[in-house]
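Note sheet for the following structure.
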Amino acid sequence: MANLVISLLVVIFVSRKVLCQTEAYYDQVKNFTFPDGFIFGAATAAYQIEGAWDVDGKGPSIWDVFTHTYPDRIKDRSTGDDACKSYYKYKEDVSILKKMEMNFYRFSISWPRILPTGLPDNVNQKGIDHYNDLINELIANKIMPLVTMYHWDLPNYLQTFGGWTNESIIPLFENYARILFENYGDRVKWWLTFNEPQMVASGYEMSALAPGIFTDGVGPYLAAHNILKSHARVYRMYDQEFRGNQSGKVSIAPNIMWPIPVNTTSRDDWEATFQYLLFSVGWFTDPIYSEQGDYPSVMKQIIAENSAHQGFPHSRLPNFTKDEVEYIKGTADFFAFNCYTSFLVKKNNTIPSPSQSADSRVSMYRATDWIKSKTSSWES
């Protein structure tokens, strides 16, 4: 298991039409083998499958409030109130996983199901019990649990104080993580602090993501700053208090949308691909995995330039202190990521209006001839 590498997109169904342009190529592909130690699993998120949104002491999350308050922002006006009813049907879920011969199951724990307000004064025992039951059921069926601590469902009470844009959330998240380690760490050995932290931060700019607040390109960077600090606090706390007895591994899972240059002979378009990766992925991976730590230098430079042109007295991207850079650096035991689709990209040197999504000065496209999935919004 020492060399085990986990890819979070573990069950990938790819159309033969997309990959196999010729029968000869298909004959080659069908003989591919996976290396020793490669394992398969499936992944879910609490809000997307559990339902039982106000049952057994669970508090409301920002996604509960978001979908109830702004139903028009969801394409089919659906909510997670019932979802797949996995809260009640988790044994059926595990049975399906077993039939599929999955080696592991990645699921997220709902923070407001454990701590209804997010504050440490009220631990919901029924929430603790539910995830104990799920973990025990998985282990009884020889399926390894991989737990995501946060998959977007912030206790709504904390959003009234600014949510991830308020640095007071850092010790609260650390406390929540400690409760998870104390209750489940004897059996859970693989942990992810955050799923797709870029999307969490984007909730402070995009109307389609909870909490759906537009903050002129400031909120996403404040949220990301506090997410990185929270992740590091949890990692260091695990080192100090739990790793010796539990021997688990902790990381974070950003998402990667792969950039492809519009013109493969254009130096500018190739630069755009790297610039896009630095702004979307390096935003979270450089502070943790790079030798120097901190945000990518290109990102810091461009956001500072954009901010100055937009009339801000200083960069919209916060600074880490030297101590914070060192504290965050190296806080991952393995590299994890989600990957769904690709984009065509090209350089766009226009100074945008204040917006995190436009700061990279990269334009993104999808080719008109790309095959569109029949079951999702992604295109090949």
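Numbering (mature numbering (1 follows the signal peptide of the UniProt record, and there is no 0)), first residue to last: -20 to -1, 1 to 360.
The C-beta atom is built at its ideal place from N, Cα and C for all residues, glycine as well.
CA nearest to the CA of residue i, picked from the options
{"i": "Ser353", "options": "Asn328, Thr321, Thr128", "result": "Thr321"}
{"i": "Ala233", "options": "Phe222, Gly224, Gln178", "result": "Gln178"}
{"i": "Met129", "options": "Ala157, Tyr215, Asp109", "result": "Ala157"}
{"i": "Lys122", "options": "Lys79, Thr195, Ala23, Asn299", "result": "Lys79"}
{"i": "Arg53", "options": "Pro125, Ser187, Asn299, Glu81", "result": "Ser187"}
{"i": "Phe344", "options": "Ala284, Asp266, Phe254", "result": "Residue identity differs from the one stated: residue 344 is Met in this sequence, not Phe. Here the closest residue by C-alpha is Phe254."}
{"i": "Phe314", "options": "Glu185, Gln336, Ser231", "result": "Ser231"}
{"i": "Glu117", "options": "Lys309, Asp248, Lys71, Val242", "result": "Lys71"}
{"i": "His289", "options": "Gln28, Gln139, Pro332, Asp266", "result": "Pro332"}
{"i": "Ser227", "options": "Tyr164, Ser277, Val261, Gly291", "result": "Tyr164"}
{"i": "Met124", "options": "Tyr184, His48, Trp170, Asn328", "result": "Trp170"}
{"i": "Gly107", "options": "Leu99, Pro92, Thr97", "result": "Pro92"}
{"i": "Tyr68", "options": "Glu81, Pro40, Arg86, Ala26", "result": "Ala26"}
{"i": "Pro276", "options": "Ile115, Phe292, Val305, Ser287", "result": "Val305"}
{"i": "Arg341", "options": "Trp350, Asn328, Asp349, His205", "result": "Asn328"}
{"i": "Gln220", "options": "Glu154, Asp196, Asn299", "result": "Glu154"}
{"i": "residue 392", "options": "Lys326, Trp132, Gly17", "result": "Since the first residue shown for the chain is -20 and the last is 360, residue 392 is missing from the structure and cannot be characterised."}
{"i": "Pro191", "options": "Ala252, Ala23, Phe18, Pro51", "result": "Pro51"}
{"i": "Thr195", "options": "Trp263, Gln336, Asp101, Gln105", "result": "Gln336"}
{"i": "Thr265", "options": "Gly183, Lys309, Asp101", "result": "Lys309"}
{"i": "Gly21", "options": "Thr311, Trp43, Val74", "result": "Val74"}
{"i": "Ser260", "options": "Asp249, Arg223, Pro200", "result": "Pro200"}
{"i": "residue 361", "options": "Val35, Thr59, Glu147", "result": "Outside the shown range of the chain, which is -20 to 360, sits residue 361, and nothing can be said about it."}
{"i": "Ser88", "options": "Asp44, Val127, Glu81, Trp132", "result": "Val127"}
{"i": "Lys65", "options": "Glu30, Phe12, Asp36, Ser356", "result": "Glu30"}
{"i": "Asp249", "options": "Ser210, Lys229, Phe292, Leu324", "result": "Leu324"}
{"i": "Thr311", "options": "Trp43, Lys229, Asn83", "result": "Lys229"}
{"i": "Pro100", "options": "Ala284, Ile159, Lys280, Thr24", "result": "Ile159"}
Where the alpha helix (DSSP H) through residue i begins and ends
{"i": "Ala204", "result": "199 to 221"}
{"i": "Asn136", "result": "136 to 139"}
{"i": "Ala233", "result": "Taken as a continuous stretch (DSSP letters only), Ala233 belongs to no alpha helix (DSSP H), being part of the beta strand (DSSP E) at 229 to 233."}
{"i": "Val305", "result": "302 to 308"}
{"i": "Ile282", "result": "277 to 289"}
{"i": "Ala26", "result": "26 to 29"}
DSSP three-state assignment for residue i, whether helix, strand or coil
{"i": "Gly107", "result": "helix"}
{"i": "Gln1", "result": "Its pLDDT being 44, under 50, Gln1 is placed unreliably by the model, and the measurement read from it follows with that caveat. Coil, per DSSP."}
{"i": "Ala120", "result": "helix"}
{"i": "Ser66", "result": "helix"}
{"i": "Ser41", "result": "strand"}
{"i": "Thr49", "result": "helix"}
{"i": "Pro177", "result": "helix"}
{"i": "Thr128", "result": "strand"}
{"i": "Pro92", "result": "helix"}
{"i": "Pro267", "result": "helix"}
{"i": "Lys354", "result": "coil"}
{"i": "Arg247", "result": "helix"}
{"i": "Asp349", "result": "coil"}
{"i": "Pro15", "result": "coil"}
{"i": "Phe(-8)", "result": "Bear in mind that the predicted position of Phe(-8) carries a pLDDT of just 33, short of 50, making it too unreliable to give a figure here."}
{"i": "residue 383", "result": "Past the edges of the chain, shown from -20 to 360, lies residue 383, and the structure says nothing about it."}
{"i": "Trp144", "result": "helix"}
{"i": "residue 366", "result": "Outside the modelled stretch of the chain, which goes from -20 to 360, sits residue 366, for which no answer is possible."}
{"i": "Leu172", "result": "strand"}
{"i": "Phe84", "result": "strand"}
{"i": "Ile159", "result": "helix"}
Residue i: first and last residue of the uninterrupted beta strand (DSSP E) it sits in
{"i": "Ser333", "result": "Here Ser333 belongs to no beta strand (DSSP E), and DSSP marks it neither H nor E."}
{"i": "residue 368", "result": "The first residue shown for the chain is -20 and the last is 360, placing residue 368 beyond what the model contains."}
{"i": "Met344", "result": "342 to 345"}
{"i": "Ala188", "result": "Element bounds for Ala188: n/a, residue is neither H nor E."}
{"i": "Ala22", "result": "21 to 23"}
Residue i classed as buried or exposed, judged by whether at least 16 other C-beta atoms fall within 10 angstroms
{"i": "Asp339", "result": "buried"}
{"i": "Lys302", "result": "exposed"}
{"i": "Lys10", "result": "exposed"}
{"i": "Gly143", "result": "buried"}
{"i": "Ala347", "result": "exposed"}
{"i": "Gln1", "result": "Residue placement at Gln1 is poorly supported in this model, since its pLDDT is 44, which falls under 50; the coordinates still yield a value, given next. So Gln1 counts as exposed."}
{"i": "Asp61", "result": "exposed"}
{"i": "Ile149", "result": "buried"}
{"i": "Phe18", "result": "exposed"}
{"i": "Ile282", "result": "buried"}
{"i": "Ile(-9)", "result": "Residue placement at Ile(-9) is flagged as unreliable, the pLDDT there being 34, under the threshold of 50; the coordinate-derived value follows with that caveat. Exposed, by the Cβ-count rule."}
{"i": "Phe222", "result": "buried"}
{"i": "Arg247", "result": "exposed"}
Proximity test, Cβ basis, 8 Å: residue i and chain D
{"i": "Gln226", "result": "The displayed structure is made up of one protein chain only, and chain D is not part of it."}
Whole-angstrom C-beta distance between residue j and residue i, which should lie under 8 Å
{"i": "Tyr307", "j": "Ala212", "result": "6 Å"}
{"i": "Phe161", "j": "Tyr218", "result": "6 Å"}
{"i": "Lys55", "j": "Ser90", "result": "Incorrect: roughly 23 Å between the Cβ atoms, too far for contact."}
{"i": "Val278", "j": "Leu258", "result": "5 Å"}
{"i": "Tyr137", "j": "Thr97", "result": "4 Å"}
{"i": "Tyr215", "j": "Pro239", "result": "29 Å between Cβ atoms; not a contact."}
{"i": "Ala203", "j": "Thr145", "result": "5 Å"}
{"i": "Asp109", "j": "Ile42", "result": "Actually they do not touch by this definition, with Cβ atoms about 24 Å apart."}
{"i": "Ile115", "j": "Val168", "result": "6 Å"}
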